[in-house]
Amino acid sequence: MIIKPKTRGFICTTAHPEGCKKIVSEQIEYAKKNRSDSGFKKVLVIGSSMGYGLSSRIAAAYSCGASTIGIIFDKEGTDKKPASAGWYNTAAFEEFAHADGLYAKTINGDAFSTQIKQQTIDLIKKDLGKVDLVIYSLAAPRRTAPDGTVYSSVLKTTEGDYTNKTIDLKDNTITEVTISPATDEETVQTVKVMGGEDWMDWMDALTAADVLEKDAVTVAFSYLGPELTHPIYMNGTIGKAKEHLFATSRAITEKFDGIKAYTSVNKALVTQSSSAIPVVPLYISILFKVMKEKGIHEGCIEQMTRLFTDKLSKESAVVDQDGMIRLDDKEMQEDVQSEVKSIWDAVTTETVKDKADIAGYWKDFFGLFGFEANDVDYNADVDPVYNIASISE
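Each residue of the sequence shown is one higher than the one before, starting from 2 at the first, in this note's numbering.
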């Protein structure tokens, strides 16, 4: 099968197995060069198939030398249809990990469900005994709670209509968008999906089953962003969810003796989620231009290896005055944000290709699905069936 990218809205509906494998291999090589003495040796990554979740699993394995269990929710390929990118990423990671003598197993299913929590517990007990790090990296549009209630998230403001520039990714034109405020119910549902309730459910289940080391650490990923994006992000429905996520980190630390919970505020990057948020893709494109010119740009794997080499260990974490790990520190430098704001005010459709890194944005977007990888022949016939070595469904 010859697989080409097909897009619908802010997602790509196809994925390339060889491209995903190449991108995973490049992340592994980077992690190998950035060894960590963080002390983590048995790691559970909840939401490990793409983005920060995938890179955190790679960094845990190849920077820390850890055994990893990953939780994904992805579709395998058939003779007639490619698998999801997350499936290919996971298959490639496991292939490399096993060849390098690293323990790596994966559970495929709805991480919000009681069934998958129990399946994970059973696997930990069977193979690892206990884990010393739990990374929570779920990004989903909806959640089915244990009682069967289905909650859906929205990306809206909470403080009235908000109008600002955005980029139409179909033709790279700068337009204006007005985002209406969410209802109270929409905000509640977004918090239910993207807040910390399920993170706490996981920690309750893992603790009750006695599969956490007594000094275990857990980390969830978040984002704050600059004042420019606050109306749609930090002060929007997703921001309310992130507030709940941070409050949950404190609640976990207080509830479970010896366990430390943190939120890691990461850099803005191209993800399926960020591509769907109005205003944000234009901000990211400008940010990439500025940070690359300054030589301080980082992708997912650079962020996650820095988490383990500079910010987090079993004994301690480097946190700000609010108790959050700040991997967005380079993004939020005053010189970076000042330059971004200046470009934002001036950018037009005619100047966007010069003032923003549109090419870099699209390369990263298609890279999420295994396209535009280096040294991959996308005109070659490939087998869409690429099995995960240790899948448990």
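We put the CB at the ideal spot given by N, CA and C, even for glycine.
Assuming residue i contacts residue j under a Cβ cut-off of 8 Å, what Cβ separation, rounded to an integer in Å, is found between them?
{"i": "V319", "j": "D311", "result": "7 Å"}
{"i": "I29", "j": "I59", "result": "6 Å"}
{"i": "L156", "j": "A269", "result": "Going by Cβ atoms, the distance from L156 to A269 rounds to 15 Å, so no, they are not a contact pair."}
{"i": "T401", "j": "I392", "result": "Because the chain here runs from 2 to 394, residue 401 falls outside it and cannot be looked at."}
Let me check understanding here. Comparing Cα to Cα, which of the options lies closest to residue i?
{"i": "I326", "options": "L156, S49, M305", "result": "M305"}
{"i": "T79", "options": "V135, K243, T191, M2", "result": "M2"}
{"i": "E294", "options": "Y234, F113, V341", "result": "V341"}
{"i": "M292", "options": "E316, D358, Y234, A262", "result": "D358"}
{"i": "V178", "options": "K171, D169, T164, D172", "result": "T164"}
{"i": "V189", "options": "S57, H245, V280, V135", "result": "H245"}
{"i": "D360", "options": "S286, D376, T208, D336", "result": "Note on residue identity: the sequence assigns Ala, not Asp, to residue 360. It is S286 whose Cα lies nearest to the Cα of A360."}
{"i": "V348", "options": "M235, K43, S68, I168", "result": "I168"}
{"i": "T272", "options": "I297, M51, A262, T107", "result": "M51"}
{"i": "A67", "options": "L55, K76, V44", "result": "V44"}
{"i": "T15", "options": "K82, A61, A32", "result": "K82"}
{"i": "A217", "options": "Y263, D336, W88", "result": "Y263"}
{"i": "T145", "options": "I136, K193, I233, V280", "result": "K193"}
In the DSSP assignment, find the unbroken alpha helix (DSSP H) run with residue i in it and report its ends.
{"i": "D1", "result": "The structure shown does not extend to residue 1, since the chain spans only 2 to 394, so no value can be given for it."}
{"i": "V320", "result": "Here V320 belongs to no alpha helix (DSSP H), and DSSP marks it neither H nor E."}
{"i": "F372", "result": "Where F372 is concerned, there is no enclosing alpha helix (DSSP H), given that its DSSP letter is neither H nor E."}
{"i": "A62", "result": "52-63"}
{"i": "S275", "result": "273-276"}
{"i": "Y234", "result": "Element bounds for Y234: n/a, residue is neither H nor E."}
{"i": "I302", "result": "301-307"}
{"i": "V281", "result": "281-295"}
{"i": "T115", "result": "115-124"}
{"i": "T164", "result": "It is not in any alpha helix (DSSP H) - T164 instead sits in the beta strand (DSSP E) that spans 163-169."}
{"i": "S153", "result": "S153 -> not in any alpha helix (DSSP H); beta strand (DSSP E) instead, spanning 151-153."}
{"i": "T188", "result": "185-195"}
{"i": "T145", "result": "No alpha helix (DSSP H) holds T145; the beta strand (DSSP E) holding it covers 143-145."}
What is the rounded straight-line gap between the Cα of residue i and the Cα of residue j?
{"i": "T249", "j": "T352", "result": "43 Å"}
{"i": "N35", "j": "S64", "result": "6 Å"}
{"i": "E19", "j": "F367", "result": "13 Å"}
{"i": "I389", "j": "K23", "result": "16 Å"}
{"i": "A242", "j": "D382", "result": "43 Å"}
{"i": "N266", "j": "V220", "result": "Residue identity check: residue 266 is Val in the sequence provided, not Asn. If I take the Cα positions, the gap works out to 10 Å."}
{"i": "V151", "j": "R143", "result": "7 Å"}
{"i": "D133", "j": "E332", "result": "30 Å"}
{"i": "E27", "j": "T191", "result": "35 Å"}
{"i": "T91", "j": "T8", "result": "22 Å"}
{"i": "G40", "j": "Y284", "result": "36 Å"}
{"i": "S339", "j": "V46", "result": "36 Å"}
{"i": "P227", "j": "G130", "result": "42 Å"}
{"i": "I117", "j": "W203", "result": "10 Å"}
{"i": "D199", "j": "N380", "result": "42 Å"}
{"i": "E316", "j": "S153", "result": "37 Å"}
{"i": "G324", "j": "K5", "result": "44 Å"}
Where do the ends of the beta strand (DSSP E) carrying residue i lie?
{"i": "I108", "result": "105-109"}
{"i": "F222", "result": "213-223"}
{"i": "N380", "result": "N380 -> no beta strand (DSSP E), and no H or E assigned at all."}
{"i": "E177", "result": "174-180"}
{"i": "T264", "result": "261-266"}
{"i": "K364", "result": "First-last for K364: 359-368, but that is the alpha helix (DSSP H), not the beta strand (DSSP E)."}
Any C-beta of chain C sitting closer than 8 Å to the C-beta of residue i?
{"i": "N388", "result": "Of the chains in the structure shown, none is chain C; there is only one protein chain."}
Is the closest heavy atom of the ligand HEM to the C-beta of residue i under 7 Å?
{"i": "G368", "result": "With respect to small molecules bound, the structure shown includes none, and the ligand HEM cannot be examined in it."}
(message) Under 8 Å: do the segment 181-196 and the segment 90-104 share three or more Cβ pairs, one atom per stretch?
(response) no
(request) Decide if the segment 112-123 is in contact with the segment 81-99; the criterion is three or more beta carbon pairs, one per stretch, under 8 Å apart. (result) no
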